[in-house]
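Enquirer: Protein chains in written order, with the numbering used here: chain A, 14 to 205; chain B, 42 to 590.
Below: one structure in structure tokens.
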Amino acid sequence: MNKNPGHDLNRRRFLLSGLRGAGGAWAALHWPAILAAAEHAAHAREAVPPAKLEVLSAEQAAEIEAVASRIIPSDETPGAREAGVIYFIDRALATFAAAQRDDYAKGLQVLQAKTQEMFPNTQRFSQATPDQQDAVLKALEEEPVFELLRDHAVMGFLADPARGGNRGKIGWKLMGFDDSPAFAPPFGYYDR
Amino acid sequence: MNPQVTYKPSEEVDFAIVGSGAAGGVLAKELSTAGFKVVVLEQGPWIPPSEFSHDEIKTFLEHQFTNDPQQQPQTFRKTPQDKAQRHAGLIYGRLVGGGSVHFTANFWRFHEIDFVERSRRGEIPGTGFADWPVSYAEMEPYYTQVEWEVGVSGLAGSSPFDPPRSKPYPVPPLPVKSSGVIFERAARKLGWHPFPAPMAILSQAYRGRAGCIHCGRCEAFGCEVGAKSSSLASVIPVAQQTGRCEIRAQSYVHRVEINNQGRATGVAYFDARRQAQFQKARAVIVSANGAETARLLLLSSSSRFPQGLANSSGLVGKYLMINCYHEVFATFEEPLNEYKSVAVTRVLHDFYELDPKLGFYGGGGLDARFGITPTWFALGAVPEDVPRWGKAYKNWLESYSRTMIVASHAASLPVAANSVSLDPDLKDAWGLPALCMTYKDHPDDLSTIRYLNDRAVDLMQAAKALKVWTRPVREQSFAVHLLGTCRMGNDPKTSVVNAHHRTHDVPNLFLCDGSSFVTSGRGQPTMTIQALAFRAADKIAAAARRGEV
Numbered sequence: 014m015n016k017n018p019g020h021d022l023n024r025r026r027f028l029l030s031g032l033r034g035a036g037g038a039w040a041a042l043h044w045p046a047i048l049a050a051a052e053h054a055a056h057a058r059e060a061v062p063p064a065k066l067e068v069l070s071a072e073q074a075a076e077i078e079a080v081a082s083r084i085i086p087s088d089e090t091p092g093a094r095e096a097g098v099i100y101f102i103d104r105a106l107a108t109f110a111a112a113q114r115d116d117y118a119k120g121l122q123v124l125q126a127k128t129q130e131m132f133p134n135t136q137r138f139s140q141a142t143p144d145q146q147d148a149v150l151k152a153l154e155e156e157p158v159f160e161l162l163r164d165h166a167v168m169g170f171l172a173d174p175a176r177g178g179n180r181g182k183i184g185w186k187l188m189g190f191d192d193s194p195a196f197a198p199p200f201g202y203y204d205r
Numbered sequence: 042m043n044p045q046v047t048y049k050p051s052e053e054v055d056f057a058i059v060g061s062g063a064a065g066g067v068l069a070k071e072l073s074t075a076g077f078k079v080v081v082l083e084q085g086p087w088i089p090p091s092e093f094s095h096d097e098i099k100t101f102l103e104h105q106f107t108n109d110p111q112q113q114p115q116t117f118r119k120t121p122q123d124k125a126q127r128h129a130g131l132i133y134g135r136l137v138g139g140g141s142v143h144f145t146a147n148f149w150r151f152h153e154i155d156f157v158e159r160s161r162r163g164e165i166p167g168t169g170f171a172d173w174p175v176s177y178a179e180m181e182p183y184y185t186q187v188e189w190e191v192g193v194s195g196l197a198g199s200s201p202f203d204p205p206r207s208k209p210y211p212v213p214p215l216p217v218k219s220s221g222v223i224f225e226r227a228a229r230k231l232g233w234h235p236f237p238a239p240m241a242i243l244s245q246a247y248r249g250r251a252g253c254i255h256c257g258r259c260e261a262f263g264c265e266v267g268a269k270s271s272s273l274a275s276v277i278p279v280a281q282q283t284g285r286c287e288i289r290a291q292s293y294v295h296r297v298e299i300n301n302q303g304r305a306t307g308v309a310y311f312d313a314r315r316q317a318q319f320q321k322a323r324a325v326i327v328s329a330n331g332a333e334t335a336r337l338l339l340l341s342s343s344s345r346f347p348q349g350l351a352n353s354s355g356l357v358g359k360y361l362m363i364n365c366y367h368e369v370f371a372t373f374e375e376p377l378n379e380y381k382s383v384a385v386t387r388v389l390h391d392f393y394e395l396d397p398k399l400g401f402y403g404g405g406g407l408d409a410r411f412g413i414t415p416t417w418f419a420l421g422a423v424p425e426d427v428p429r430w431g432k433a434y435k436n437w438l439e440s441y442s443r444t445m446i447v448a449s450h451a452a453s454l455p456v457a458a459n460s461v462s463l464d465p466d467l468k469d470a471w472g473l474p475a476l477c478m479t480y481k482d483h484p485d486d487l488s489t490i491r492y493l494n495d496r497a498v499d500l501m502q503a504a505k506a507l508k509v510w511t512r513p514v515r516e517q518s519f520a521v522h523l524l525g526t527c528r529m530g531n532d533p534k535t536s537v538v539n540a541h542h543r544t545h546d547v548p549n550l551f552l553c554d555g556s557s558f559v560t561s562g563r564g565q566p567t568m569t570i571q572a573l574a575f576r577a578a579d580k581i582a583a584a585a586r587r588g589e590v
């Protein structure tokens with residue numbers, strides 16, 4: 014996968030330095046196992062796909078991103094938009110969720126129709142105000158399109174960054190999740 | 042790793058073993074070290090642990106470790122009177138190592154009562170409640186053998202409810218997590234008896250394998266460092282080193298062939314390229330799990346065995362048991378960081394045998410756990426009073442690192458109508474009849490799990506959690522513990538295999554896995570599956586040496 018052996022060596026050193034906090038004797042005992050896991054995690058991270066769309070049109074992406082931004086809004090902390098959820102969904106439709114492309118196409122029609130029905134002066138969901146958008150989504154909560162977009166928005170916020178979303182581990186940081194490949198006790202406040 | 046031996050399918054080996062999981066791995070190791078030639082045929086691929094991923098999408102949606110409902114669809118119905126609908130409820134490990142690769146690794150022994158419930162408690166209406174043809178005393182050396190051969194962490198004598206044991210655990214318990222500390226303190230306050238969880242995960246290096254590095258991806262994931270004592274990490278490498286055992290991955294066995302004398306001659310399977318192959322064997326052992334073992338016998342029907350191979354009792358596929366499971370969530374003020382390390386560090390068995398005066402039969406255990414990854418939590422654990430999207434939902438996500446679970450584990454009673462069978466219409470991607478699951482929890486099972494869940498709520502309230510939430514107990518339609526579908530017994534009319542796992546109908550056909558269970562135990566079957574496999578291997582090897590296979 015990596016053409017430059019020097020790069021591999023550097024990464025190894027980097028991983029070594031990052032694990033110093035894990036406690037000397039313990040780390041020495043578990044060294045080969047930790048290194049294997051850390052290498053594996055590093056490989057996955059290198060595989061983060063570029064931020065470009067392969068399946069969705071720019072127009073479709075704008076509508077989906079507008080929905081995702083109401084599912085996990087941006088406020089004091091970053092939300093779905095900053096996490097690049099739209100790139101996760103685009104990758105999903107190219108891979109594990111390819112069978113759901115039609116559901117997306119139909120769902121976006123339902124979204125647009127509901128927006129126009131509730132707010133006749135607004136052509137597209139993405140053009141509505143946040144309050145109007147929330148009202149449209151509320152009205153669609155029982156529809157399959159809502160489930161689909163909601164689940165994929167959440168996945169795109171929290172799944173492995175290698176899947177295109179959760180950029181900069183924004184979702185994990187919000188949850189207080191650390192994806193380090195190895196830990197040592199104490200793990201939390203109550204087992205100190 | 043040494044290159045393994047390979048056999049030609051036309052070469053008659055001593056044993057063809059179908060399945061490489063908890064049971065198949067143990068049988069392969071025992072029989073090959075005993076000098077026999079063995080081929081293990083595994084449906085799924087051989088994935089090197091370095092390719093095990095922490096990616097939730099790969100695990101839950103792309104099915105890296107489990108059967109894929111796109112390739113192998115299933116149907117489900119509650120009762121035999123209902124029309125079955127598309128629903129893949131039976132989930133099993135589908136790779137070399139089977140379910141032992143992705144399981145949580147809780148490793149309780151059965152207690153003495155689990156083998157003799159019928160005679161102790163009498164008949165229970167609507168069930169085929171029966172005693173096992175083996176006792177705890179007879180199983181004890183094999184439980185000990187499992188602990189020492191695959192590697193189990195635990196502390197002997199730490200639970201007053203534990204059955205007698207002949208030896209301590211080979212390695213000490215894993216370090217307690219915050220959930221375990223909270224669970225233990227609250228349980229003691231209530232007068233209960235928490236103890237360190239016995240886990241098939243190494244707390245320290247053992248027999249050349251690494252100890253746990255506490256990465257936190259045990260439940261539903263594979264262990265990259267081999268600290269989880271899966272068949273893949275523990276027994277299969279030993280089997281390969283004998284030079285007598287071939288593990289043949291991507292080999293989907295669909296028929297056990299029988300000759301005119303009524304003896305098994307080998308197994309027909311589809312190879313990785315979906316070409317038809319036939320492996321000759323002097324004897325066949327099916328360890329394909331409680332769903333696929335029964336399905337394989339039903340697929341192997343013939344004029345001699347019109348209702349399925351080894352099915353003169355009519356019980357192949359019947360008495361499916363899946364255990365009851367329910368969980369209570371609790372959030373605390375400070376971070377627990379339960380995403381680190383193994384899922385479970387404390388257990389209690391104070392409710393293993395409930396008082397019959399409660400009006401229902403049952404019992405089980407509680408444990409402090411959390412194996413839930415971020416996406417799984419965000420999609421699956423939302424309390425009813427929290428919106429499912431928007432700002433309030435986003436705020437709730439922040440509680441992830443401060444949340445733990447108390448899980449209840451209980452029996453499921455053997456009900457004849459609960460079963461796996463062949464769907465009459467649906468086919469899988471190989472053109473074989475799909476699995477149909479028929480399941481409706483016995484009312485006593487639901488009462489038991491409700492009772493245990495209430496105790497879990499008591500426990501988290503005693504722990505002074507900020508917030509405690511749970512969902513109503515409902516009838517189950519998903520199963521990961523696949524038990525009881527080819528039950529053991531001495532009477533050929535009421536069982537499929539005898540006490541030595543030999544089918545009553547075909548002298549050189551053996552079945553050993555969760556399908557052999559007579560009753561379900563209290564929720565953690567793998568330890569007993571492996572103890573049965575060590576015992577079966579002893580009996581089968583002895584019979585083979587006497588020329589009786």
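Note that the Cβ used here is the ideal one computed from N, Cα and C, for glycine as well.
In chain order, what residues of the same chain have a beta carbon less than 7 Å from the beta carbon of B:Ser73, not counting five sequence neighbours either side?
Expert: The sequence position of residue 73 of chain B within the second sequence is 32, counting from 1. So the qualifying residues of the chain are Val79, Ala280, Thr283, Arg285, Cys286.
Enquirer: Can you tell me where the beta strand (DSSP E) with B:Leu454 in it begins and where it stops?
Expert: Counting from one through the second sequence, the residue named residue 454 of chain B turns up at place 413. Where B:Leu454 is concerned, there is no enclosing beta strand (DSSP E), given that its DSSP letter is neither H nor E.
Enquirer: When you compare only the Cα positions, how much space is there between B:Phe148 and B:Gln565?
Expert: For the purposes of this step, residue 148 of chain B is identified with residue 107 of the second sequence, where counting begins at 1. For the purposes of this step, residue 565 of chain B is identified with residue 524 of the second sequence, where counting begins at 1. Rounded to whole angstroms, B:Phe148 to B:Gln565 spans 6 Å at the Cα level.
Enquirer: Where A:Trp39 and B:Lys381 are concerned, what is the direct C-alpha to C-alpha distance, given to the nearest angstrom?
Expert: On the first sequence, residue 39 of chain A is found 26 positions in, with the first residue counted as 1. On the second sequence, residue 381 of chain B is found 340 positions in, with the first residue counted as 1. For A:Trp39, the pLDDT reaches just 48, beneath the cut-off of 50, and the residue's location in the model is therefore unreliable, although a value from the coordinates is still provided. Rounded to the nearest angstrom, the two C-alpha atoms are 16 Å apart.
Enquirer: How many angstroms separate the CA atom of B:Pro114 from the CA atom of B:Tyr293?
Expert: Taking the second sequence and counting its residues from 1, one reaches residue 114 of chain B at position 73. Taking the second sequence and counting its residues from 1, one reaches residue 293 of chain B at position 252. Spanning the two alpha carbons is a distance of roughly 15 Å.
Enquirer: Measure the alpha-carbon distance for B:Glu439 versus B:Met501 and round it to whole angstroms.
Expert: Start at 1 with the first residue of the second sequence, and residue 439 of chain B comes out as number 398. Start at 1 with the first residue of the second sequence, and residue 501 of chain B comes out as number 460. Spanning the two alpha carbons is a distance of roughly 20 Å.
Enquirer: Answer with buried or exposed for B:Leu399, where buried requires no fewer than 16 other C-beta atoms within 10 angstroms of its C-beta.
Expert: On the second sequence, position 358 is the one that residue 399 of chain B refers to. Classification for B:Leu399: exposed.
Enquirer: Checking the sheet assignment: what are the DSSP bridge partners for B:Pro477?
Expert: For this step, residue 477 of chain B is matched to residue 436 along the second sequence. Per the sequence shown, residue 477 of chain B should be read as Cys rather than Pro. Partner(s): B:Thr116, B:Ser462.
Enquirer: Could you tell me whether the Cβ atoms of A:Leu161 and A:Arg83 are closer together than 8 Å?
Expert: Indexing the first sequence from 1 puts residue 161 of chain A at position 148. Indexing the first sequence from 1 puts residue 83 of chain A at position 70. Their beta carbons are not under 8 Å apart, which means A:Leu161 does not touch A:Arg83 by this criterion.
Enquirer: So with Cβ pairs under 8 Å, would you call B:Lys435 a contact of chain A?
Expert: On the second sequence, position 394 is the one that residue 435 of chain B refers to. Chain A, which has a Cβ nearer than 8 Å to the Cβ of B:Lys435, makes this yes.
Enquirer: Between the C-alpha atoms of B:Asn655 and A:Thr90, what's the straight-line distance to the nearest angstrom?
Expert: Because chain B here runs from 42 to 590, residue 655 of chain B falls outside it and cannot be looked at.
Enquirer: Ignore the nearest five residues each way along the sequence and tell me which others in B:Asn531's own chain have a CB closer than 7 Å to its CB.
Expert: For this step, residue 531 of chain B is matched to residue 490 along the second sequence. So the list reads Pro174, Asn539, Ala540, once near-sequence residues are dropped.
Enquirer: Assuming B:Ala261 and B:Leu243 make a contact with CB atoms under 8 Å, what is their CB distance in whole Å?
Expert: Here the question's residue 261 of chain B lines up with position 220 in the second sequence. Here the question's residue 243 of chain B lines up with position 202 in the second sequence. Not a contact, Cβ separation roughly 19 Å.
Enquirer: Spell out whether any CB of chain A is found under 8 Å from the CB atom of B:Tyr380.
Expert: In the second sequence, counting from the first residue as 1, residue 380 of chain B sits at position 339. It does; some Cβ of chain A falls within 8 Å.
Enquirer: From the DSSP output, which residues share a beta bridge with B:Gln320?
Expert: As a working mapping, residue 320 of chain B is identified with position 279 in the second sequence. Partner(s): B:Val308.
Enquirer: Which residues in chain A have a C-beta closer than 9 Å to the C-beta of B:Cys259? List them in chain order.
Expert: Within the second sequence, residue 259 of chain B is the residue found at index 218, counting from 1. Residues of chain A passing the Cβ test: none, with the nearest at roughly 13 Å.
Enquirer: Can the beta-carbon of B:Met568 be found closer than 8 Å to that of B:Arg150?
Expert: One-based indexing of the second sequence puts residue 568 of chain B at position 527. One-based indexing of the second sequence puts residue 150 of chain B at position 109. Result yes, Cβ atoms of B:Met568 and B:Arg150 sit closer than 8 Å.
Enquirer: Hey, how far is the Cα of B:Ile413 from the Cα of B:Arg248?
Expert: The residue labelled residue 413 of chain B in the question sits at position 372 within the second sequence. The residue labelled residue 248 of chain B in the question sits at position 207 within the second sequence. Those two C-alpha atoms are separated by around 30 Å.
Enquirer: Given this structure, state the Cα-to-Cα distance separating A:Asn17 from A:Ala175, to the nearest angstrom.
Expert: Taking the first sequence and counting its residues from 1, one reaches residue 17 of chain A at position 4. Taking the first sequence and counting its residues from 1, one reaches residue 175 of chain A at position 162. For A:Asn17, the predicted model reports a pLDDT of 39, less than 50, meaning its position is unreliable; a value from the coordinates is still stated below. Rounded to the nearest angstrom, the two C-alpha atoms are 21 Å apart.
Enquirer: Contact defined as beta carbons within less than 8 Å: I believe B:His255 pairs with A:Ala195. What is the distance between those atoms, to the nearest angstrom?
Expert: Locating residue 255 of chain B in the second sequence gives position 214, counting from the first residue. Locating residue 195 of chain A in the first sequence gives position 182, counting from the first residue. Indeed they touch by this definition, with Cβ atoms about 6 Å apart.
Enquirer: Can you list the residues of chain A that B:Pro612 reaches, using a CB-CB cut of under 8 Å?
Expert: There is no way to answer for residue 612 of chain B, as the model of chain B reaches only from 42 to 590.
Enquirer: The alpha helix (DSSP H) that contains B:Tyr183, what's its start and end?
Expert: One-based indexing of the second sequence puts residue 183 of chain B at position 142. Here the alpha helix (DSSP H) through B:Tyr183 covers 177–187.
Enquirer: With DSSP collapsed to three states, give me the class of B:Trp430.
Expert: The residue labelled residue 430 of chain B in the question sits at position 389 within the second sequence. The answer is coil: DSSP assigns B:Trp430 none of H, G, I, E or B.
Enquirer: Going along chain B, which residues have a C-beta under 8 Å from A:Leu153?
Expert: The residue given as residue 153 of chain A occupies position 140 in the first sequence. Within chain B, no residue comes near A:Leu153; the closest Cβ sits about 11 Å away, beyond 8 Å.
Enquirer: Can you name, in chain order, every residue of its own chain whose Cβ lies under 8 Å from the Cβ of B:Lys432, other than the five neighbours on each side?
Expert: The residue you call residue 432 of chain B lines up with position 391 of the second sequence. Closer than 8 Å at Cβ, skipping near neighbours: no residue.
Enquirer: For B:Val308, which residues in the same chain have their Cβ closer than 8 Å to its Cβ, ignoring the five residues on either side in sequence?
Expert: Residue mapping note: residue 308 of chain B aligns to position 267 of the second sequence, counting from 1. Here the set comprises Ala57, Val59, Leu82, Val294, Arg296, Val297, Glu298, Phe319, Gln320, Ala322, Val325.
Enquirer: Tell me which residues of the segment 94–111 of chain A have at least one Cβ-Cβ distance to chain B shorter than 7 Å, keeping chain order.
Expert: Under the 7 Å Cβ criterion, the segment 94–111 of chain A contributes Phe109.
Enquirer: Just to make sure I have the definition right: I need the residues of chain B whose C-beta is within less than 7 Å of the C-beta of A:Tyr117. Which are they?
Expert: Translated into the one-based positions of the first sequence, residue 117 of chain A becomes position 104. In chain order: nothing, as chain B lies at least about 16 Å away.
Enquirer: Relative to the C-alpha of B:Asp96, which candidate in A:Gly189, A:Glu154, A:Phe109 has its C-alpha closest?
Expert: Stepping through the second sequence from its first residue, residue 96 of chain B is reached at position 55. Out of A:Gly189, A:Glu154, A:Phe109, A:Phe109 has the C-alpha closest to the C-alpha of B:Asp96.
Enquirer: Who are the near neighbours of B:Asp55 in its chain, counting only those whose CB is closer than 8 Å to its CB and skipping five residues on each side?
Expert: Position 14 of the second sequence, counted from the first residue, corresponds to residue 55 of chain B. Around B:Asp55: Leu72, Phe77, Lys78, Val79, Ala322, Arg323, Ala324, Ala585.
Enquirer: Leaving out five residues before and five after B:Ser561 in sequence, what residues of the same chain have Cβ atoms less than 6 Å from its Cβ?
Expert: For this step, residue 561 of chain B is matched to residue 520 along the second sequence. Same-chain partners within the cutoff: Met362, Asn364, Ala452, Ser453, Leu524.
Enquirer: Short check: CB of B:Ala146 to CB of B:Ser270, under 8 Å?
Expert: What you label residue 146 of chain B is simply residue 105 of the second sequence in a count that begins at 1. What you label residue 270 of chain B is simply residue 229 of the second sequence in a count that begins at 1. In this structure, B:Ser270 lies closer than 8 Å to B:Ala146 by Cβ.
Enquirer: Does the structure place the segment 123–130 of chain B close enough to the segment 483–494 of chain B that three or more beta carbon pairs sit under 8 Å?
Expert: They do not touch, by the three-pair rule.
Enquirer: Would you report the Cα separation of B:Asp464 and B:Thr47, rounded to the nearest angstrom?
Expert: Along the second sequence, read from residue 1 onward, the residue named residue 464 of chain B stands at position 423. Along the second sequence, read from residue 1 onward, the residue named residue 47 of chain B stands at position 6. Distance between the alpha carbons of B:Asp464 and B:Thr47: 35 Å.
Enquirer: Per the DSSP calculation, B:Met529 is bridged to which residue(s)?
Expert: Mapped onto the second sequence, residue 529 of chain B falls at position 488. Per DSSP, B:Val538.
Enquirer: Comparing the C-beta of A:Ile183 with each C-beta of chain B, is any distance below 8 Å?
Expert: Position 170 of the first sequence, counted from the first residue, corresponds to residue 183 of chain A. Closer than 8 Å: no.
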